[in-house]
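In the numbering used here, the protein residues as written are 10 to 432.
Below is one structure; the comments refer to it alone.
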RNA sequence: GGAGAAUUGGCAGAGUGGUCGAUUGCGGUAGUCUUGAAAACUAUUGUACCGAGAGGUACCGGGGGUUCGAAUCCCUCAUUCUCCGCCA
């Protein structure tokens, strides 16, 4: 949620920031400012009436206790009218308030100046590309064939038991997955992130806090009977731990990590994009989350990017980094960097991490604040990133490390898998 | 799932219809005293919002209601604890 203060003070900048998303927000902004003013006026008026009412009530109390019944009755009758007025004003304030917050909630985050303009993934900006794939095969196989050949993943079994997009991992496939999770968590720990194991379902308030609700309701599985949502990413529980929090000073830099399965409905996906491990309804991911004061955000972001880079390098994967253009950047983010690994068998780039800063967009919804050096409350900044999402990493490892002898496990991963090759 | 008890400021804990945003203790902050510290004493110490300001409004688990007036009465939901049932 954009801060109303920001809209008021930097109207042009806000409109420009939204324009980069292809949004013509001028009229919406205009309306927000009008409703905001109406709300303020109504609120002031209502408060005055309340103050009057309070004064009268106290007066009545005094008269009663000093025995002046008649006088008290007169005042009581007076207050009846005022009370009606107060109720009407209150309703109006609430209406305006709702209208206002709805309008503001509907606005996506303002993009940072360095975000390139553009409509879709085609126009993302390539900012880094690493070396080449280690595979020596002239016609490398796709991971779904390799998974079958070595009995690592069983897609059909998943369809039988649950449905498409819920595969079984088995044998060395399951172990590889477990090894990757441990490896990523350990790397995050070493980088100073505190590990959490979180709930996998969240309530509606949490969905609101990080911005999945109300805008992207359809992405999450909803358990109707208990009104809970299966998390689409660990970001939701990890960030919402800090909902309604006022940090006591500005001496903080919160770094948390966690592994969770992620559940996504992925309605409307089809074709080769969903083949094999490319897009699943349930997948494992290790997430890193940071809560920072504004001064530290830039360096935190760089640190996170370096962290993800180092993971991919340790795994020996060919990868590239994209700075997403306006049209491709998510609702809540002010800037996003995507990491993609090269998948030799499919000759395709697969997204394995998305590192974003949200500025105060989430913390405003979350009411996550800190006291600055002048003891004033200010909104924290939040950032998060995948480090990393598993299935596509598995896909890339299988495809890039294949050889006639089998699939070679990258050196740093061997202590976690307990085997060096899948054959 | 059933029965009972509870939920008050950073913590502990008073308060059952009328200057209660809330007694008190601890803690925090500032000061006095001290060479320094401790102790003692004094003062201060919640959050959000409206208002140019003076000031005002709201908040005693959440929501609703009764009343001129609610922390206090009523309804409802949530959470915690105890007992029973069930269970990894």
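From the three backbone atoms N, C-alpha and C, an ideal C-beta is built for every residue, glycine too.
Keep in mind that this is a model prediction, so the values were computed, not measured.
For residue i, three-class secondary structure by DSSP
| i | result |
| --- | --- |
| residue 164 | helix |
| residue 129 | coil |
| residue 177 | strand |
| residue 353 | coil |
| residue 190 | helix |
| residue 43 | helix |
| residue 372 | helix |
| residue 344 | strand |
| residue 219 | helix |
| residue 360 | strand |
| residue 412 | strand |
| residue 38 | helix |
| residue 313 | helix |
| residue 124 | coil |
| residue 401 | helix |
| residue 393 | strand |
| residue 228 | helix |
| residue 147 | coil |
| residue 417 | strand |
| residue 30 | coil |
| residue 141 | coil |
Enclosing alpha helix (DSSP H) for residue i [first to last residue]
| i | result |
| --- | --- |
| residue 152 | 152 to 158 |
| residue 246 | 244 to 249 |
| residue 15 | 13 to 18 |
Cα-Cα separation, residue i to residue j
| i | j | result |
| --- | --- | --- |
| residue 161 | residue 286 | 12 Å |
| residue 220 | residue 341 | 6 Å |
| residue 408 | residue 416 | 8 Å |
| residue 179 | residue 295 | 20 Å |
| residue 106 | residue 194 | 43 Å |
| residue 223 | residue 111 | 10 Å |
| residue 66 | residue 101 | 23 Å |
| residue 290 | residue 21 | 40 Å |
| residue 50 | residue 58 | 13 Å |
| residue 148 | residue 413 | 12 Å |
| residue 272 | residue 90 | 55 Å |
| residue 293 | residue 397 | 9 Å |
| residue 191 | residue 380 | 36 Å |
| residue 369 | residue 431 | 46 Å |
| residue 206 | residue 378 | 24 Å |
| residue 404 | residue 335 | 29 Å |
| residue 367 | residue 313 | 14 Å |
| residue 43 | residue 36 | 11 Å |
| residue 259 | residue 269 | 30 Å |
| residue 264 | residue 196 | 13 Å |
| residue 25 | residue 159 | 53 Å |
| residue 187 | residue 423 | 12 Å |
| residue 257 | residue 329 | 40 Å |
| residue 212 | residue 375 | 14 Å |
| residue 34 | residue 243 | 32 Å |
| residue 399 | residue 152 | 14 Å |
| residue 92 | residue 84 | 12 Å |
| residue 202 | residue 319 | 15 Å |
| residue 109 | residue 281 | 43 Å |
| residue 305 | residue 125 | 23 Å |
Limits of the beta strand (DSSP E) - the one that residue i falls within
| i | result |
| --- | --- |
| residue 425 | Run containing residue 425: none in the beta strand (DSSP E); it sits in the alpha helix (DSSP H), 423 to 426. |
| residue 386 | 386 to 388 |
| residue 240 | First-last for residue 240: undefined, no H or E at that position. |
| residue 254 | 254 to 256 |
| residue 136 | 134 to 138 |
| residue 379 | 377 to 380 |
| residue 203 | 203 to 205 |
Supposed close pair residue i, residue j - CB separation, criterion 8 Å
| i | j | result |
| --- | --- | --- |
| residue 344 | residue 365 | 7 Å |
| residue 231 | residue 303 | Not a contact, Cβ separation roughly 35 Å. |
| residue 401 | residue 350 | 7 Å |
| residue 433 | residue 311 | This structure cannot speak to residue 433, because the chain is shown only from 10 to 432. |
| residue 262 | residue 307 | Not really, about 13 Å apart at Cβ, beyond 8 Å. |
| residue 266 | residue 360 | Contact flag wrong, Cβ pair sits at about 20 Å. |
| residue 113 | residue 10 | 6 Å |
> Can you list the alpha helix (DSSP H) stretches of 4 or more residues lying completely in the stretch 70 to 121, in chain order?
Replying inline: 78 to 114
> Along the chain, which unbroken stretches of the beta strand (DSSP E) at least 3 residues long are found entirely within the stretch 261 to 340?
Replying inline: 263 to 272, 291 to 301 and 328 to 332
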